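Novice:
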Amino acid sequence: MLNVLHLLQNTYSPPPLYFSSFSYRNYTPSFVIEDLTRYKSTQSPIQKIQIHRGLCKKTMVGAEIDGSNAYANGLLQINNGSLEEKLDELRNLLGKTDDDPLRIVSVGAGAWGSVFAAMLQDGYGHLRDKIQIRIWRRSGRSVDRSTAQHLFDVINSREDVLRRLIRRCAYLKYVEARLGDRVLYADEILKDGFCLNMIDTPLSPLKVVTNLQEAVWDADIVINGLPSTETHQVFQEISKYWKERITVPIIISLSKGIEAELEPEPHIITPTQMISRSTGISMENILYLGGPNIASEIYNKEYANARICGSEKWRKPLAKFLRQPHFIVWDNGDLVTHEVMGGLKNVYAIGAGMVASLTNESATSKSVYFAHCTSEMIFITHLLAKNPEKLAGPLLADTYVTLLKGRNAWYGQKLANGELTLDMGDSIKGKGMIQGISAVKAFYELLSQSHLSIHPEEKKHVAPVELCPILKILHKILISREVPTQAILQALRDETMNDPRDRIEMAQTHAFYMPSLLGQ
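Residues in the sequence shown are numbered consecutively from 19, following the numbering used here.
#1: Identify, in the order they occur along the chain, each residue of the same chain with its Cβ nearer than 7 Å to the Cβ of K114, setting aside the five sequence neighbours on each side.
#2: Got a sec? Which residues, its chain only, sit under 6 Å from A237 by beta carbon, not counting five neighbours each side?
#3: Measure the Cβ-Cβ separation of L101 and G141 and say whether it is below 8 Å.
#4: In the DSSP assignment, what are the bridge partners of G128?
#5: For K334, is the classification buried or exposed, using 16 other Cβ atoms within 10 angstroms of its Cβ as the cut-off for buried?
#6: In angstroms, rounded to a whole number, what distance separates the CA positions of G243 and R186?
#7: Determine the DSSP secondary structure at S271, reduced to helix, strand or coil.
#8: Could you give the distance in angstroms between the alpha-carbon of L535 and the alpha-carbon of V419?
#9: I'd like to check one pair, I217 with V172: are the Cβ atoms closer than 8 Å?
#10: Would you report the Cα separation of L197 and L401, rounded to the nearest angstrom?
#11: Less than 8 Å between the C-beta atoms of A434 and L496, yes or no?
#12: Which runs of the beta strand (DSSP E) spanning at least 3 residues fall entirely within the stretch 492-525, listed in chain order?
#13: Assuming V226 contacts K209 (C-beta within less than 8 Å), just tell me the rounded distance between them.
#14: Could you tell me the distance, in whole angstroms, from the CA atom of K408 to the CA atom of I396?
#15: Contact check, G131 vs I241 under 8 Å by CB: the rounded distance?
#16: Quick check on DSSP: helix, strand or coil for D541?
#17: Pick from D444, M515, P282, I326: whose alpha carbon is nearest that of Y387?
#18: Quick check on W235: does DSSP put it in helix, strand or coil?
#19: What number of angstroms, rounded off, separates the C-alpha of L224 from the C-alpha of A166?
#20: Can you list, in chain order, the residues of its chain with a C-beta nearer than 7 Å to that of A525? Leave out the 5 residues immediately preceding and following it.
#21: Drop a sphere of 10 angstroms on the beta-carbon of Q504, count the other beta-carbons inside from all chains shown, and report buried for 16 or more, exposed for fewer.
#22: Decide if V358 is buried, meaning its Cβ has at least 16 other Cβ atoms within 10 Å, or exposed.
#23: Could you spell out where the alpha helix (DSSP H) holding E357 opens and where it closes?
#24: For Y306, does the three-state DSSP call read helix, strand or coil?
#25: Buried or exposed: where does R263 fall if 16 or more other Cβ atoms within 10 Å of its Cβ makes it buried?
#26: DSSP on D349, reduced to helix/strand/coil?
#27: Which partner residues does E279 have in the DSSP bridge list?
#28: Give the single residue among M137, N364, I149, L340 whose Cα lies nearest to the Cα of G454.
#29: Can you name, in chain order, every residue of its own chain whose Cβ lies under 6 Å from the Cβ of Q150, other than the five neighbours on each side?
#30: Buried or exposed for R325, please, with buried defined as at least 16 other CB atoms from any protein chain shown within 10 angstroms of its CB.
#31: Would you report the Cα separation of G80 and I506, rounded to the nearest angstrom?
#32: Cβ of P245 within 7 Å of any heavy atom in the ligand NAD?
#33: If you draw a straight line from the alpha carbon of N547 to that of N318, how long is it in whole angstroms?
#34: Spatial neighbours of V252 within its chain, please: CB distance less than 8 Å, with the 5 preceding and 5 following residues excluded, ordered by chain position.
#35: What's the C-alpha gap between T249 and R295?
#36: Under the rule that 16 or more other beta-carbon atoms within 10 Å means buried, what is Y321, buried or exposed?
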């Protein structure tokens, strides 16, 4: 058994930190070290309980929470009036009575879903009589030993997180997990603010529910934080619990993925369509929210913006409700383009990561790739929508940041440099689902159908995918596995490749609009 004192003193060593009620030596309070040493050395269960309680009481000095609920998860709330007014406006629109709180649940606990729930908790969690915020995730997912060790290091490098856990009497389980004496679970650590896909960015503690029926049956607003590959299945189950509902919930989908169906005619299915099909809820009550957002950076209050798209009835009041000083939300009526672009950017982000790795971050090569992939995105959206939103503003920014730093770009880089292999699948430890992989398959299958000819007047059928060479090569690399990652550079350097402008001009003639591709 490792010595606890040795363990706590031989992690990171930043300069000494000082807090109001006690000083930190190597960021860990001396009384914590002393009490933990006593805790591990004693064999008496009664003494263990006494030490644990004493440790919790000591850390409450100078951190009392008064009856006014001025603090929510350790964050001092300000400007309560404006927040409460926004909440009251939405409550009134939903017909909530004074004794009936607005119930919001996030379904799925990936990085973005968890951050979204934590942001709502930080903003509105102190108004407990008027709003309840929960998050659902499946139970039973264990945290492996290496992740538990890393999590312990993260906790002890953050004085605010360390103090919060001790105050909540939740610190000792992380010590025991670090020592290998205990197994932690993903839903358990999420309650303390740790998302398994984003360990390095501690969040606010969250109300976690592992029973899906309990989580959603009375929810007024449901946030879909699931990958597109899981959305249909989970919302099909949810529909069973909504059969007796009188009121219709609002659903905000954060999912950025696309699935394809080839029968009876080839068409794509977006996450909002999956939700509507599974539950029978009208598209009027289902919205999509997306933008140039990296989850961890948003939670660390980097300035960001997003668009919520859908029916005017709900998008405007929800944009106002979701807006925060560092997270500006606009509303937009073009749900189709934004949701399709949300799936497409993940496709091309994988290729961007490959190009970055294979060219040693060559700015020139990355810019050439950017020009070609954006022209393909524009072409594809013109197949699906008659007058799609232009690839500009937040849409372009969303593409840019995803190609630059998103998890799909990260995956492409790791794949190209050999740190990952295709045999590892599309769910990667510490990152979650790489949605671009299934989206590559969906878009390729859809656009390779020969009867969807872009020149129907000619005898020779030309499938739309023939005008998308980057999509074709990504399919050969990721799905059919015919060629290595280096093939993406060969595709970029193909002398017969047309000017990206030609593809864009063809798309903007509206001659290729195929409403059947959206099942219309």
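The beta carbon of each residue, even a glycine, is placed where N, CA and C say it ideally should be.
It should be emphasised that the depicted structure is a prediction, and the values quoted were computed from it without experimental measurement.
Specialist: A quick look at the data gives this:
#1: Closer than 7 Å at Cβ, skipping near neighbours: L120.
#2: If we look at A237 and ignore the five residues flanking it on each side, its Cβ neighbours are R121, V123, P267.
#3: In this structure, L101 lies near G141, with their beta-carbon atoms less than 8 Å apart.
#4: BP columns for G128 are empty, so no partner.
#5: The residue is exposed, with fewer than 16 neighbouring Cβ atoms inside 10 Å.
#6: Cα to Cα, G243 sits roughly 27 Å from R186.
#7: In the three-state reduction of the DSSP assignment, S271 falls in the strand class, which pools E and B.
#8: Within the model, the alpha-carbon separation for L535 versus V419 is close to 28 Å.
#9: Yes, the pair counts as a contact, with Cβ atoms nearer than the cut-off.
#10: For L197 and L401, the distance between alpha carbons rounds to 56 Å.
#11: Cβ atoms of A434 and L496: not closer than 8 Å.
#12: Listed in chain order, there is nothing to give.
#13: Right, their Cβ atoms sit about 5 Å apart.
#14: The alpha-carbon separation between K408 and I396 amounts to approximately 8 Å.
#15: Taking the Cβ atoms as the reference, G131 lies roughly 7 Å from I241, within the contact range of under 8 Å.
#16: Residue 541 is absent from the structure shown; the chain starts at 19 and stops at 538.
#17: Here the closest residue by C-alpha is M515.
#18: Note: W235 maps to coil in three-state DSSP.
#19: Rounded to the nearest whole angstrom, the CA to CA distance from L224 to A166 is 19 Å.
#20: Only I396, F397, H400 meet the Cβ criterion.
#21: The residue in question, Q504, is exposed, as its Cβ has fewer than 16 Cβ neighbours within 10 Å.
#22: Under this definition V358 is a buried residue.
#23: 353-376 is the extent of the alpha helix (DSSP H) around E357.
#24: Looking at Y306 - three-state DSSP - the assignment turns out to be strand.
#25: Around the CB of R263, fewer than 16 other CB atoms lie within 10 Å, so the residue is classed as exposed.
#26: In the structure shown, D349 sits in a strand (DSSP, three-state: E or B).
#27: For E279, DSSP records a beta bridge to H285.
#28: Ranking the options by Cα distance to G454, first place goes to N364.
#29: When the five nearest sequence neighbours on each side are left out, the beta carbons in the same chain lying within less than 6 Å of the beta carbon of Q150 are those of P119, R121, in order along the chain.
#30: Classification of R325: buried, given that the 10 Å Cβ count is 16 or more.
#31: Because the pLDDT at G80 is just 38, under 50, the model does not fix this residue reliably, and the point stays unresolved.
#32: The model on display carries no ligand, and the ligand NAD is accordingly not part of it.
#33: Any question about residue 547 goes unanswered here, given that the chain covers just 19 to 538.
#34: Closer than 8 Å at the Cβ level, and outside the excluded window around V252, lie V125, G126, L230, L244.
#35: About 11 Å.
#36: It is exposed - the Cβ of Y321 has fewer than 16 other Cβ atoms within 10 Å.
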